[in-house]
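Beneath this line is the structure, given in structure tokens, with notes to follow.
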Amino acid sequence: MKTDSSVIGNKGAPINRITWIQFKRQLYPQTFVLLGVLFLLIFSYIPMIGIIMAFKDYKISTGVQGIFTSDWVGLKYFYEFVNDYRFYDLVRNTLVISILKIIFAFPIPILFAIMLNELRGMAFKRIVQTVSYFPHFISWVVVLGLAYVFLSAQDGIVNTLLMNLHIIDKPLNILTDPSKFWGLAVGSAVWKEAGWWTIIFLAAIAGINPSLYEAAQMDGAGRLKRIWHITLPGMQGAVIVVMVMSIGSLLGGGLVGSNFEQAFLLGNSVNSDTSEIVQTYAFKVGLAEGRFAYATAIDFVQSMISVFLIFTSNYLAKKFSGQGLF
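FYI, UniProt numbering numbers position 319 of the sequence shown as 319, with every residue one higher than the one before it.
Now the structure itself:
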């Protein structure tokens with residue numbers, strides 16, 4: 001019988017028994033955790049087995065079994081993607097849209113949270129907050145419909161208003177002009193998701209000890225000084241975590257949602273020079289052309305870049321601020 005400290009608890013009971021007793025006491029929260037783990041296992045980890053298609057000469061006609069029985073082709077599809085005539089445009093569009101979203105979308109929820117925190121009228125504050133995060137629950141399909149209603153060159157509300165005010169002489173082709181797609185993607189993403197992410201930063205502000213504000217006010221600190229010396233340092237942890245998560249998912253759209261849904265729905269044959277991104281290209285060659293192995297190789301490259309970005313951003317965050325995601 002084992003009697004060392006690794007198997008005996010403080011009260012003489014085996015650790016395995018103590019762990020089981022603790023699990024039974026936390027049965028309900030542990031059930032939610034297990035459901036989350038099960039969800040990740042089924043929808044995130046088991047599908048990763050399909051990554052091996054990127055290194056095999058897989059044909060859809062061979063079915064699921066073909067994933068394991070097809071011939072190995074090494075890095076053939078990776079070389080093919082790098083040498084694709086659209087490779088430069090695809091990578092450029094993906095990076096530009098993602099970086100623009102980080103630059104413009106990341107500070108807005110922080111500033112908006114600070115502004116809401118400074119409002120004194122609770123009723124007005126609640127209304128503004130609710131209206132701001134309501135677009136988060138609207139799907140990109142509905143956003144596309146709204147975009148046509150407001151921005152259409154034929155009878156869009158924006159063009160009609162600008163024409164009636166004599167600000168423009170002819171309608172703007174916002175939805176089809178390649179030079180306007182990046183602005184359209186960033187603007188619509190900020191409108192849709194900025195209010196939702198404000199909740200995270202408002203929660204961080206709510207965790208700041210109110211006595212700090214009272215002490216600062218008694219010392220004569222104005223509103224801007226209280227924001228600079230109390231609010232912003234109090235939000236630092238949340239800002240770093242969100243920043244690391246955003247950079248890790250940079251190629252997928254980062255903080256303000258999916259690049260794929262935007263590019264797929266708002267993109268068209270006229271603005272494809274700036275709207276076609278890596279994800280939509282992989283989707284089209286994978287499903288439309290049935291080249292699952294090639295599409296898997298494209299997505300695998302993007303996933304590896306994302307993993308590199310999240311580890312790099314986390315390392316830099318810990319190096320310069322002492323805080324990180326892990």
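In this text, a Cβ means the ideal position worked out from N, Cα and C, and glycines have one as well.
Pairwise C-beta distances place the segment 142-150 out of contact with the segment 276-289, as fewer than three of them are shorter than 8 Å. A215 counts as exposed, since fewer than 16 other C-beta atoms from the protein chains shown sit within 10 angstroms of its C-beta.
By the Cβ test, the segment 97-117 is in contact with the segment 194-209, since at least three Cβ pairs between them sit closer than 8 Å. D57 is the residue among D57, Q65, R86 whose C-alpha sits nearest the C-alpha of K76.
The criterion of a C-beta distance shorter than 9 Å is not satisfied by M48 and F292. Residue I51 holds the alpha-carbon nearest to the alpha-carbon of W72 among I51, Y88, F87, L90. Within the segment 166-230, no complete beta strand (DSSP E) segment of 3 residues or longer occurs. The shortest C-alpha to C-alpha distance from F311 to any of S249, L224, K180 is the one to S249.
Taking a C-beta distance under 9 Å as the contact criterion, N259 and T62 do not qualify as a contact pair.
In the DSSP annotation of this structure, the continuous segment of the alpha helix (DSSP H) that includes D273 starts and ends at 272-275. Assignment of K59 by DSSP, reduced to helix, strand and coil, places it in the coil class. Each residue's CA atom was taken as its position, placing I205 and I168 some 44 Å apart.
Every alpha helix (DSSP H) stretch that sits fully inside the segment 238-306 and reaches 4 residues is listed by chain position as 259-266, 272-275, 278-283. Nearest to E276 by alpha-carbon distance, out of L40, G195, F87, F308, is F87. Per the Cβ contact rule, the segment 171-185 is not in contact with the segment 218-232 (fewer than 3 Cβ pairs under 8 Å). With a contact defined as Cβ atoms closer than 8 Å, S132 and M243 miss out at about 21 Å. I21 has its alpha-carbon roughly 40 Å from the corresponding atom of S303. Counting along the chain, D155 sits inside no alpha helix (DSSP H), nor does DSSP assign it H or E at all. By the beta-carbon neighbour count (other beta carbons within 10 angstroms, threshold 16), G195 is buried.
By a beta-carbon distance limit of 8 Å, W182 contacts V96. Their separation comes to about 6 Å.
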